[in-house]
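So the sequences go chain by chain: U and G.
When the count follows this note's numbering, it moves up by one through the first sequence with no breaks and lands on 116 for the last residue.
When the count follows this note's numbering, it moves up by one through the second sequence with no breaks and lands on 232 for the last residue.
For each residue, glycine too, the CB sits at the ideal point set by N, CA and C.
Report on the following structure.
Protein chains: 2
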Amino acid sequence: MTPDRLSSTFAALADPTRRAILARLSAGEASVTELAEPFAISLPAVSKHLKVLEHAGLIRRGREAQWRPCQLEAGPLKQATDWLEHYRRFWEASFDRLDEYLATLQKKGKRDGRKH
Amino acid sequence: MTPDRLSSTFAALADPTRRAILARLSAGEASVTELAEPFAISLPAVSKHLKVLEHAGLIRRGREAQWRPCQLEAGPLKQATDWLEHYRRFWEASFDRLDEYLATLQKKGKRDGRKH
């Protein structure tokens, strides 16, 4: 069985701390200590989150022993977006229906307004 | 704490069977039996997946006791896409870099070609 890349990506994104880490890395590379600062969690807990992100290919880590900065890797995010794009017509359709409904309400309002 | 909608959405999408169920529902509403047909898994297993999808707001189920068709609900997919869109510049940047690199290779190839 081929590794299911999309499942790893979505599973990695299903956590607010991991999403916050990615948001931080979108501003530039950072060390584990820097990444841990804004969170009320231990360094080992942050390391665990980083392992999940690294396993999903969402971050890459430097190889220097002392300074191993983390960097964002956006490839899997593109694949996730490509998958979601197939459903765009569904949410756009719901908004179209809402627009139509609001337009009908507005027309009705104007018509009722003229009656009085 | 407010329920973390994005985490529920991504967790629900982190499974190939659940993504296949959503793909099937994108072709129209279907009963649990119809949804189970293509999969080598039991009805209770399918029901479990449907509960996860329903909890994440990704499907809606009819209320009739005998015929409870499932329907796709695209709202949470839009929210997930909106979140991912913030990272678009990163994957587009990588592709731009790749394009530049390929253009450089091509130019170099032409220049080397003229030399011979």
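Taking a contact to mean a Cβ-Cβ separation below 7 Å, would you say L122/G touches A80/U in this structure?
no
Determine which residues of the stretch 182-196 of chain G have a Cβ less than 7 Å from any Cβ of chain U, and write them out in chain order.
L188, A190, G191, L193, K194 and A196
Is the stretch 62-72 of chain U in contact with the stretch 29-44 of chain U, if contact means three or more CB pairs nearer than 8 Å?
yes
If the cut is a Cβ gap below 9 Å, which residues of chain U does P154/G touch?
Within 9 Å Cβ-Cβ: nothing; P154/G doesn't reach chain U, min ~17 Å.
So within the stretch 158-214 of chain G, which uninterrupted alpha helix (DSSP H) runs reach at least 4 residues, ignoring any that extend past its ends?
159-171 and 191-201
For A146/G, list the residues DSSP reports as bridge partners.
C186/G
For the stretch 86-105 of chain U against the stretch 49-62 of chain U, are there 3 or more C-beta pairs whose distance is under 8 Å?
no
In chain order, what residues of the same chain lie with their CB nearer than 6 Å to the CB of F126/G, ignoring the 5 residues before and after it?
none
For I157/G, which residues from the same chain have a beta carbon less than 8 Å from its beta carbon, with the 5 sequence-adjacent residues on both sides left out?
T133
How would you list, in chain order, the residues of chain U whose beta-carbon sits under 7 Å from the beta-carbon of D131/G?
S7
Neighbourhood of P192/G by C-beta, 7 Å cutoff - its chain only, sequence neighbours within 5 removed
R121, T125, A172, G173 and L174
Mind checking the stretch 81-100 of chain U against chain G and listing, in chain order, the residues whose C-beta falls within less than 9 Å of any C-beta there?
T81, W83, L84, E85, H86, Y87, R88, R89, F90, W91, E92, A93, S94 and F95
By the three-class DSSP mapping on this structure, what secondary structure does A130/G have?
coil
On the three-state DSSP scale, how would you describe A219/G?
helix
So, is the C-beta of D120/G closer than 7 Å to a C-beta in chain U?
yes
When the Cα atoms are used, what is the spatial distance from L218/G to R63/U?
27 Å
With distances taken between CB atoms, is the gap from G36/U to L25/U smaller than 7 Å?
It is worth fixing the name first, because residue 36/U is Ala in this sequence and not Gly. No, Cβ-Cβ distance for A36/U and L25/U is not below 7 Å.
If you count every other CB in all the chains shown that lies within 10 Å of the CB of E278/G, and 16 or more means buried, which is it?
For residue 278/G there is no data in the structure shown, the boundaries of chain G being 117 and 232.
At a Cβ threshold of 7 Å, is A56/U touching chain G?
no
Residues in the same chain with beta-carbon distance under 8 Å from R177/G, minus the five sequence neighbours each way, listed in chain order, please.
L166, E170, R184, P185, C186 and Q187
Buried or exposed: where does T118/G fall if 16 or more other Cβ atoms within 10 Å of its Cβ makes it buried?
Summary for T118/G: the model assigns pLDDT 48, below 50, so the residue's position carries little reliability; its value from the coordinates is reported in the next sentence. Counting Cβ neighbours within 10 Å, T118/G comes out exposed, since fewer than 16 surround it.
Cα-Cα separation between S47/U and A209/G, rounded to whole angstroms:
27 Å
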